[in-house]
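Q: Have a look at this one before I ask anything.
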Amino acid sequence: MKRIVTIQDISCVGKCSLTVALPIISAMGVECGVIPTAVLSTHTAFPKFTFCDLTEEIPSITDTWKELSLDFDAVYTGYLGSERQISLVEEFIGDFGDKKGFVTWIDPAMADHGKLYHGFTEAFALKMGDLCGKADVIVPNLTEAAFMLGIPYVETYDEAYIRDILVRLTEKGAKCAALTGISLEPGKIGVYAYNSETKKFFSYYNEKLPVAYHGTGDIYSSCAFGAYMRGASLEDSLALAVDYTLECIRKTMQDENRRFYGVNFEEAMPMLVTRLGTLVK
Ligand code: PXL
7 MKRIVTIQDI
17 SCVGKCSLTV
27 ALPIISAMGV
37 ECGVIPTAVL
47 STHTAFPKFT
57 FCDLTEEIPS
67 ITDTWKELSL
77 DFDAVYTGYL
87 GSERQISLVE
97 EFIGDFGDKK
107 GFVTWIDPAM
117 ADHGKLYHGF
127 TEAFALKMGD
137 LCGKADVIVP
147 NLTEAAFMLG
157 IPYVETYDEA
167 YIRDILVRLT
177 EKGAKCAALT
187 GISLEPGKIG
197 VYAYNSETKK
207 FFSYYNEKLP
217 VAYHGTGDIY
227 SSCAFGAYMR
237 GASLEDSLAL
247 AVDYTLECIR
257 KTMQDENRRF
267 YGVNFEEAMP
277 MLVTRLGTLV
287 K
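Using the working numbering, the letters of the sequence shown correspond one by one to residues 7 to 287.
Have a look at this one:
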């Protein structure tokens, strides 16, 4: 079994970051170590939240792991709270990334719908862009891509624009870039990706439902990463995550008692595990 580490916050309620990454990655048959970067009462889109910063725990944890000679097959990061935390992730890659086949998977979870999340600055976004340059795979949405490239966010675009953004993202160093939430025809939404080593593009779409829920980006990234670590191709992993995220949204819409936050990723898990079984042994 592969052993990975995911570095992101714990939002105690809100269904994002570690509270979705850990169950999804574990259900997919990958051992999931964690470094919690902060503990929040909820994620920052709630009107009020507490925030306990754990930055200074990170070096203590990783130093102890080094003394114990622990090793990992991958690191996966999501929401990071500060530029210092980005530097610590870079150090983690330096310390643990020399294992053969090591995968660095970065979800620059920091913005959506044209806006940075509460508390982030443009300088932070540019530094996240530098971290993405060290990755094997990055999974930004179009807002995050625009902030990392320092260009305006646009709501209407065509395929040539998406391809240009993908190439520019990989020119900053990432091997593969996958833009999430891409819609090039009405009623369809999915992923558009580029592998700078093979110079190949890949896209996959499924139904676009007329709703937008918080936390789908974290679910998408965790699922695609989990499948990739199980040995599925990157294309199959990215496509599975499109279908799983849609299934989570469908289950949420069916639930009369649904919350205003997060999606029902829990009851969609049987579909995920079944589909994963068709892709890997
Ligand atoms: O879903 C991304 C995310 C993760 N963690 C925290 C957040 C957000 C988005 O707002 O606030 C703390």
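Idealized CB from N, CA, C, for every residue including glycine.
One question on the structure: do E203 and K178 come within less than 7 angstroms of each other, judged by their Cβ atoms?
A: No, they are not a contact pair.
Q: Can you find a heavy atom of the ligand PXL that lies under 6 angstroms from the Cβ of T222?
A: No, Cβ of T222 sits at least 6 angstroms from all heavy atoms of the ligand PXL.
Q: Taking the beta strand (DSSP E) that P42 belongs to, which residues open and close that run?
A: P42 -> beta strand (DSSP E) spans E37 to T48.
Q: Do you know offhand how far A230's Cα is from E73's?
A: Cα-Cα distance, rounded: 31 angstroms.
Q: Does the Cβ of Y267 lie closer than 6 angstroms to at least one heavy atom of the ligand PXL?
A: Y267: no, Cβ never under 6 angstroms from the ligand PXL.
Q: Can you list, in chain order, the stretches of the alpha helix (DSSP H) that have 4 or more residues and sit fully within the segment 159-197?
A: Counting whole runs of 4 or more residues, the segment 159-197 contains the alpha helix (DSSP H) stretches 165-177.
Q: For the segment 240-247 and the segment 40-51, state whether three or more C-beta atom pairs, one from each stretch, are separated by less than 8 angstroms.
A: Cβ pair count under 8 angstroms is below three, so no.
Q: Determine the extent of the beta strand (DSSP E) in which F271 is found, giving its start and end residues.
A: Counting along the chain, F271 falls outside any beta strand (DSSP E), and DSSP gives it neither H nor E.
Q: What span of residues does the beta strand (DSSP E) with K72 cover, start to end?
A: Where K72 is concerned, there is no enclosing beta strand (DSSP E), although the alpha helix (DSSP H) it sits in stretches over E63 to E73.
Q: Apply the 10 Å Cβ neighbour rule to I157 and answer buried if 16 or more other Cβ atoms are within range, or exposed otherwise.
A: Classification of I157: exposed, given that the 10 Å Cβ count is below 16.
Q: Could you tell me if Y200 is buried or exposed, where buried requires 16 or more neighbouring beta carbons within 10 angstroms of its beta carbon?
A: Answer is buried; the Cβ neighbour count reaches 16.
Q: Is there contact here, the segment 114-122 with the segment 89-105, by at least three beta-carbon pairs under 8 angstroms?
A: They do not touch, by the three-pair rule.
Q: Got a sec: does the ligand PXL put a non-hydrogen atom nearer than 6 angstroms to the Cβ of L46?
A: Checking every heavy atom of the ligand PXL against the Cβ of L46, one is found closer than 6 angstroms.
Q: Output yes or no for whether 7 angstroms exceeds the beta carbon distance between I31 and I13.
A: Their beta carbons are not under 7 angstroms apart, which means I31 does not touch I13 by this criterion.
Q: Run through DSSP, which three-state label would A80 get?
A: A80 falls in the strand class under three-state DSSP.
Q: Going along the chain, which residues of its own chain have a beta-carbon closer than 8 angstroms to the beta-carbon of K194, five neighbours each way excluded?
A: Correct list, in chain order: Y211, N212, E213 and K214.
Q: Count the other CB atoms within 10 Å of the CB of K2; is the residue buried (16 or more) or exposed (fewer)?
A: Here the chain comprises residues numbered 7 to 287, so residue 2 is not present and cannot be evaluated.
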